[in-house]
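Under the numbering used here, the residues of the sequence shown are numbered 4 to 260, in order. Backbone N, C-alpha and C define an ideal beta-carbon position, used for all residues, glycine too. All values reported here derive from a predicted model rather than from experimental measurement.
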Amino acid sequence: MRKILIVGIGSGNPEHMTIQAINALNAADVLFVPTKGANKAELADVRREIIGRYVTNPASRTVEFAVPERRTAERTYNQSVDHWHAAIADIHARLIAEQLAPGQTGAFLVWGDPMLYDSTIRIIERVRALDTVEFEFSVLPGITSLQALCAAHRIPLNLVGKPVEITTGRRLKESFPNKTETVAVMLDGEQAFSKIDDPDAMIYWGAYLGTPNEITISGRLSEKSDEILERRRHAREAMGWIMDIYLLRKGADFDEA
Ligand SMILES: C[S@@+](CC[C@H](N)C(=O)[O-])C[C@H]1O[C@@H](n2cnc3c(N)ncnc32)[C@H](O)[C@@H]1O
Numbered sequence: 004m005r006k007i008l009i010v011g012i013g014s015g016n017p018e019h020m021t022i023q024a025i026n027a028l029n030a031a032d033v034l035f036v037p038t039k040g041a042n043k044a045e046l047a048d049v050r051r052e053i054i055g056r057y058v059t060n061p062a063s064r065t066v067e068f069a070v071p072e073r074r075t076a077e078r079t080y081n082q083s084v085d086h087w088h089a090a091i092a093d094i095h096a097r098l099i100a101e102q103l104a105p106g107q108t109g110a111f112l113v114w115g116d117p118m119l120y121d122s123t124i125r126i127i128e129r130v131r132a133l134d135t136v137e138f139e140f141s142v143l144p145g146i147t148s149l150q151a152l153c154a155a156h157r158i159p160l161n162l163v164g165k166p167v168e169i170t171t172g173r174r175l176k177e178s179f180p181n182k183t184e185t186v187a188v189m190l191d192g193e194q195a196f197s198k199i200d201d202p203d204a205m206i207y208w209g210a211y212l213g214t215p216n217e218i219t220i221s222g223r224l225s226e227k228s229d230e231i232l233e234r235r236r237h238a239r240e241a242m243g244w245i246m247d248i249y250l251l252r253k254g255a256d257f258d259e260a
């Protein structure tokens, strides 16, 4: 039986790697590294650096594969993601069948943790459903960008005894400020925070967390919104890409809101 390891590699700093993740990479015959077009070359570079730094198994080899772009024209968001996953599942099925002999192990290096806004687990399940190649799989956790954000700002994620919501920029207005007091926002291409008008809201923002280009800004949203927009725009222009995440918060520990 082939074996697949879905390994969380942390969110930018190679030192996020857990000992369990390092051991998993060293147990693999093949290390699968996704590449995502030139502007995300740095993300593939972090994976290569991790392999160079921690993999001591001389028998293992790295196989890089291109991830197709998601097409959005003439389809709903759900259709677009579904078609995209189907295309990636076909690529994964081929990689597993062609690059691994029965009895061998392959590891997919997943940014952050595989359970958080990442579809590797559901794509691997999809590959299993195709029934073209037999394998078992395990998941190894990693440091998420949300953990990296809270650590960078030296804040706890939740207020005492209160809930937290994790959402995307596209859906932020459904959650904050009316539904949940602490909301973490990922995958925000529209800077949804800048459309929130609440004098009590605080923002804790971070870009390129864990990397040498890390930027963090925090404070009252009404006072920091423009500064974040400006820094974000500059950084994106200079680097050619950006990954950012933020926490919005109202209220305080021990209040009864
Ligand atoms: C496809 S999701 C992957 C999340 C990842 N699985 C995790 O555990 O953090 C990509 C989003 O995660 C966030 N992200 C990931 N790494 C980041 C980093 N180093 N700095 C800031 N945001 C990051 C951004 O919101 C980005 O749009």
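Setting aside the 5 residues that flank it on each side, E184 is surrounded in the same chain by L162, K165, R252, K253, G254, A260, each with a C-beta closer than 7 Å to its C-beta; the list follows chain order.
Secondary structure at M242: helix, using DSSP grouped into helix, strand and coil.
Pairing G145 with T21, the inter-Cα distance amounts to about 7 Å.
Under the Cβ criterion (8 Å, minimum of three pairs), the segment 49 to 58 does not count as touching the segment 73 to 93.
In the displayed model, V49 falls within a helix according to three-state DSSP. Considering only A30, I12, M242, H19, the residue with the shortest C-alpha distance to K6 is A30.
Here Y120 carries a coil assignment [DSSP, helix/strand/coil]. Per DSSP, the unbroken beta strand (DSSP E) holding I169 starts and ends at 168 to 171.
Comparing alpha-carbon positions, the option among V113, S122, T108, L149 lying closest to E137 turns out to be T108. In the DSSP assignment, L152 falls within the unbroken alpha helix (DSSP H) covering 148 to 156. A distance of 8 Å or more separates the beta carbons of R174 and L112.
Annotated as proximal: G213 and G13, with beta-carbon spacing under 8 Å.
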